[in-house]
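Heads up, the sequence shown stops at 580 in our numbering, and the numbers go up one at a time, no gaps. Heads up, the beta-carbon is just placed ideally off N, CA and C, and yes, glycines get one too. Input: a single structure, listed below in C-alpha cells.
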Amino acid sequence: MKYDGKINLLLLLIGYCLLTSLISSGDSSLEYDYYRESCPQSLHVIRSTLRRIYDRNSTVAPAILRLVFHDCFVQGCDASVLLDRTVFMGSEKDTLPNQSLKAFDHIDLIKSELENVCPGVVSCADLLVVAARESVVLAGGPYYPVHTGRKDSDHSYPEISYELPSPLDDLPTTIARFASRGFTEKETVTLLGAHSTGMIHCKFFERRLYKFGGTDQPDPSMDPEFAELLRSVCNNNQTQAHSSSAAPSASPSASPSSPTTGSSSKTGEERSMKMDYEGRGSSFGILYYQGLLQGKGIMFVDQQLTAGEETANWVRQYASDVSMFHRDFAQVMMKLSSIQVLTGQNGEVRTNCREVTSSLW
Ligand code: HEM
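In C-alpha cells form, the structure reads like this:
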C-alpha cells in the first residue's frame, strides 16, 4: 500500500515535470510573469499599445509575428534582429532574408511606453515574444502563455541570418533547416500555418508563375486558375521581367489596400498578395491548409508541404481540424519563443531596442 502511494507520487511528479517542460518548452530559466514585482504593468502596456497601433494599422500583427520568427531562428530569441548597424557591427536587418521585415518603428513605440513606466526593466526580447503572442490573437489565432525573463543580446548576427529558410526551398531543405533549430516535421508544418495572415510580395513567388525550374511552364504543383489569379495581381509584364532575376531581393514594404489583393496602382516591385485572399475567416489556419490541398500555396516552400508523406498527412489533418491546429500552433509558438534564450547574468536589457546599451562604441 505504502509502495503504491510512493509510485503514485512519483507518477504525479513525472507528470508535473513533463507538463512544466511542455509549458516552458525546455527552458526552465524563464518564468511565468517574471516582471510581477519589477514591472507589473508590462504586459498591459505591451498589449494596449499594440492594440492601439493595430486599430490604425492592422498590418502590424503579421509583421510582428514574422519578426519573432526571424529573431528566434537566428541565435535565439534575443532581439538581435532589432539592432541597427553601427560602424563596428553589421545588422541582421541588412541581410537579404530580412530586408522585407517591418514593424521596427512599432516596436520602438511599445518600448518607449515601457520605458516610461519601468525604465530599463523589460527586455526587447520579452517585448517581442509577448507582442507576437498578442499578434497571433489579433489575427484570429490561439492564445498561449509566454514565460518571460529573456535578456537582450549585445550583438547582431548577420551571417547567421542566411540560415533562415528561403521561399524557394524544397521540402527536404525546409525540414533540414527547421530540424537544425530542434523542430520536427510536424512542427514545421504547424509553424508555416503562420502564413494564414499578412501579405506576400510578388517577387517571392513570381518565378512559379511562368518559367518554373528552367521550363516554359508554371509550377505544375499550382492550381492553374490560382496561377492566373496571381499573374493578374502581379502584372504580367513586370513579373516576366523579374522572373529571370536572381534570388528574391529587397523592396519597400507595401500595405494592403484592397480586400483581396495588393493595390494595382503599386509598382511591380511593391505588388503583393494577401495570404488570406479568400477573406479573413474566423479560423486562422484552415484556409492555409485547405488551400495547400488545392494547389493554392502562394510560395513554393508552402506548397512543398504537400510533397512529403508525413508533412502532407499533417496538412490534411489541419485542413479538417482547426482546433487541433490551434492547439499545436500554440505549443509550437511557445517552443519557438524559448529558443536559446539569454537569462540571468547573460545579456542585457536594452533601453532602445535598436542599440546595445552596455556598448562602449
Ligand atoms: C520555410 C519557412 C518560411 C519562409 C521561407 C518564409 C518566408 C516568408 C516570406 C518571403 C514572406 C513575405 C514577406 C514579404 O512579402 O514582405 C513571409 C511572410 C510572413 N511570414 Fe514567413 N516564412 C517562413 C516561415 C514563417 C514562420 C515560421 C512564421 C511565424 C511563425 C512566419 C510568419 C510570416 C508572416 C506572419 C508573414 C506576413 C508578414 C507581413 O504581412 O508583414 N513565416 N514569409
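Item to check | Residue(s) in a DSSP beta bridge with methionine 441 | outcome: BP columns for methionine 441 are empty, so no partner.
Checklist entry - Does the beta carbon of phenylalanine 288 fall short of 7 Å from some heavy atom of ligand 1? => result yes
Checklist entry - If you draw a straight line from the C-alpha of threonine 479 to the C-alpha of glycine 566, how long is it? => result Confidence at threonine 479 is low in this model, with a pLDDT of 45, below 50, so its placement is unreliable and no value can be given for it.
Checklist entry - Should alanine 282 be listed as close to ligand 1, given that the test is whether its C-beta is under 7 Å from any heavy atom? => result yes
Item to check | Segments of 4+ residues assigned as alpha helix (DSSP H) that fall wholly inside the segment 250 to 280 | outcome: 261 to 275
Checklist entry - Which first and last residues belong to the beta strand (DSSP E) in which serine 491 is found? => result 491 to 493
Checklist entry - Given that a residue counts as buried once 16 or more other Cβ atoms are within 10 Å of its Cβ, and exposed if not, what is aspartate 435? => result exposed
Item to check | Within-8 Å CB hit, proline 316 to chain D | outcome: Here there is only one protein chain, and chain D is not present.
Next on the checklist: Going by DSSP in three states, histidine 420 sits in which element: helix, strand or coil?
Outcome noted: strand
Item to check | Boundaries (first-last residue) of the alpha helix (DSSP H) holding histidine 366 | outcome: Careful: histidine 366 lies outside any alpha helix (DSSP H) and carries neither H nor E.
Checklist entry - Do the segment 511 to 524 and the segment 436 to 449 meet, that is, are 3 or more Cβ pairs less than 8 Å apart? => result yes
Checklist entry - Can valine 520 be considered in contact with ligand 1, in the sense that its beta carbon sits closer than 7 Å to one or more heavy atoms? => result yes
Checklist entry - Based on the DSSP output, what are the partners of aspartate 371 in its beta bridges? => result Glu567
Checklist entry - Counting Cβ pairs closer than 8 Å, one from the segment 370 to 379 and one from the segment 296 to 315, do we hit at least three? => result yes
Item to check | Touch test, the segment 348 to 357 against the segment 377 to 393, Cβ-Cβ under 8 Å, three pairs minimum | outcome: no
Next on the checklist: Using C-beta distances below 6 Å, list every residue in its chain close to threonine 576, excluding the 5 sequence neighbours before and after it, in chain order.
Outcome noted: Glu567, Arg569 and Thr570
Item to check | Inter-residue spacing [alpha-carbon to alpha-carbon] between tyrosine 507 and glycine 412 | outcome: 7 Å
Next on the checklist: Would you call the segment 359 to 372 in contact with the segment 534 to 554, where contact means no fewer than 3 C-beta pairs closer than 8 Å?
Outcome noted: yes
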